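First comes the structure, then the notes that go with it.
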Amino acid sequence: MSTNFYDRLSADFSGILESGIDYNVIIEVGEAPSNQRFKTHSLILQSRSSYFEIKLNETMLNDDNIKIIYLPEISVENFEIIIKYIYSGNISIEKTDTSSIFDILLASNKFGLDELIKYFQSYLIENNASWLRLNFSKIHQISTQENNFKLLREFCNYIIPKSPNTLFESRDFTTLSEKVLISILERDDLQMDESEIWDHIIRWGKGQHPNFPTNLNDWSDDDFLILKNTLHQCIPLIRYFSISGEDIFKKLLPYQQLFERQLWADILSKNLTSVSFKLLPPRKYKTTKFSPRNKISIDSVIITEEHALEIGSWIDKKDSPYINENPYDFQLIFRGSTDGFECINFYDNCDGISQTILVLKVKNTGEILGGYNSLVWDKYAEPYFKNDDAFIFSLKTEKQHESILSRAISGLYTIYNYNDRVGFCEDLCLHNNFNTGNSCCCSKSGYEKCIRNSTEYFSVEECEVFKVIKKKSVGQN
């Protein structure tokens, strides 16, 4: 039988650090004049950190028989957290901002502190996913460069195909390395219109040359040649025959000088049966073909075209439903009977996607309930978030003569983002397996009114989610 007394051991070693008794290593951290010296002990440093083991062997003793290590690139506050961990095994980051936590992760990697590397990756993903998305280019690039950042790399690889805007629209996108950018462009599963990808590639290329004239009309032939050389490995990776003729002339024609003559000729004649340049096939973009504008074709076993017209009018905040022409296409991205009724099945199909309509049919009653979320579903985000544009509804059926619309109350939490539940807070909540066990509910929380008379829990007969896509030009009623 063995008994561990780690708390006392941790406290005693913390005392050694604080007192500095018998120190033989000074670590000077930060830049003057705010730099600070920490009195430490080589035996502890070497046993806890592979970096310090090597560094101490390389560092000579000074006249006082002390070794001095300089770390100007690390802040005093961040190093204090790390050195306390090295001595005691404890960390405290309650008052530390997210940017500093990421810097501590980088420092932990520098010092070879495997335990902290894994901990801080998990912490950032579980608690600060929104910050990771905002700095996505930087995070993605670092995660691909550092072998130890497996969890961040998996986080990025999960998000990129479903929500490439997270990468392309991040504030540091133009700092992305060419190698990483090419690895993204080579993917077949980017869920983004090809003309938008082209826009971002041009923006990245211009970002490498900030002195280019702002107005394209002021560009010289040399400017175009420089950009062409910058993008020479990216240009062949665009799927040109997926770009509409309108966008070819609107977006590509102004940059005609970037293309080799034969490639440009093939782009212009992309609808012909034969082209010379080797064009890549379209990406596996999840899309649904729709009928002509005066007809609405919906791949649904729950809602009708009439329902879609009514939902479209609610999105646009119209006083009366659209009659003939719906300004939105409804692209099916999830169906419970084919994809599964667990919350994990929902996130497998809907995570990272915005502008969605969720509809469901209540088992045994035939009620059709649903909701609209204009923001991104994000299983890595906070469990609750606010969306003042969201609304929930109960659609008219044979038993219910009028639909019920209930809009979000401004400032209240209105969306669930849990691993085991999803929906519109308690006002329309799907929990665990929503096909069995009566685990779903409707009550009043963050919306104007209830959408069903009963507050009893229920199961779902069928559930569907649609990506709502604004049509480019549709006359509205």
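Numbered per the working numbering, the sequence shown spans residues 439 to 915.
Yeah, the Cβ is synthetic: ideal placement off N, Cα and C, and Gly gets one too.
None of these values were measured; they are calculated from a predicted model.
- Short of 8 Å from the beta carbon of I580, and not among the five residues preceding or following it, lie these beta carbons of its own chain, in chain order: L544, F587 and L590.
- In the structure shown, G750 adopts helical secondary structure according to DSSP, grouped into three states.
- For N876, the CB contacts under 7 Å within the same chain, skipping 5 residues up- and downstream, are Y895, F896 and S897 in chain order.
- For S844, the uninterrupted beta strand (DSSP E) run begins and ends at I842 to R845, by DSSP.
- Straight-line spacing of the CA atoms in Q695 and L663 works out to 8 Å.
- Note on geometry: alpha-carbon atoms of D659 and F697 lie some 13 Å from one another.
- Contact between T835 and G804 holds, since their C-beta atoms are separated by about 6 Å, short of 8 Å.
- The three-state reading of DSSP puts R859 in strand, counting E and B together.
- In this structure L619 is buried. Its beta-carbon is surrounded by 16 or more other beta-carbon atoms within 10 angstroms.
- Counting along the chain, H869 sits inside the beta strand (DSSP E) bounded by residues L866 to H869.
- Rounded to whole angstroms, Y760 and K909 show a C-alpha spacing of 14 Å.
- Residue state for N811 is assigned as strand, using DSSP reduced to three classes.
- Cα atoms of I907 and D767: separation of roughly 5 Å, rounded to the nearest angstrom.
- Secondary structure at C594: helix, using DSSP grouped into helix, strand and coil.
- Under the criterion of beta carbons closer than 8 Å, Q484 and L499 do not qualify as touching, at roughly 15 Å.
- The closest CA to that of F862, considering only D826, L690, H839 and N783, is found on D826.
- A Cβ-Cβ distance of about 6 Å is found for the pair C672 and L623, placing them in contact under the 8 Å criterion.
- Annotated three-state conformation of Y461 is coil, per DSSP.
- Looking at the backbone, the Cα of I529 and that of I519 are separated by about 6 Å.
- Taking the Cβ atoms as the reference, P720 lies roughly 5 Å from S680, within the contact range of under 8 Å.
- Residue pairing by DSSP places F823 opposite I853 in a beta bridge.
- Between Y785 and K824, the C-beta spacing is not below 7 Å.
- Taking the Cα of A846 as reference, the smallest distance to any Cα among I741, T794, V814 and G809 is reached at G809.
- Per DSSP, T478 is one residue of the beta strand (DSSP E) stretching across Q474 to T478.
- Look at V739 here: in three-state DSSP terms it is coil, with no helix or strand label.
- Straight-line measurement puts the Cα of S568 at about 9 Å from the Cα of F574.
- Under the DSSP definition of a beta bridge, K799 partners with I806 and E900.
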